[in-house]
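Numbering (the working numbering), first residue to last: 3 to 88. For glycine and all other residues, C-beta sits at the position ideal for the given N, C-alpha and C. Right, one structure below, let's go through it.
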Amino acid sequence: MHEVRFIHRPPRPGPLLKGLGVVAGVAAISVAAALCYEQYRKRELVRTLASMPGAAEILPALHTNADMLLAALGRPMPPASGNRQP
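Below is the structure:
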């Protein structure tokens, strides 16, 4: 009878690799939550603008000049975290 050889299996991932997997999962969930919040914020902004009188004339300009439009309406928008101005 000859020797039976098993398929070599790679070693199990160590704690460092498991930790990196957890960090990557948390980062993915955070990015997804941030994107959902930005969509919610934009939807609320459009809803607020749509409730104002005369909004039919200014809504098409929302996508092109949102900051200028909000400043003209007296509703300053806080700067995005990546666009800090000195």
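- Straight across, the Cα-Cα distance linking Q41 with P12 is about 43 Å.
- M54 has its alpha-carbon roughly 10 Å from the corresponding atom of V48.
- Assignment of I31 by DSSP, reduced to helix, strand and coil, places it in the helix class.
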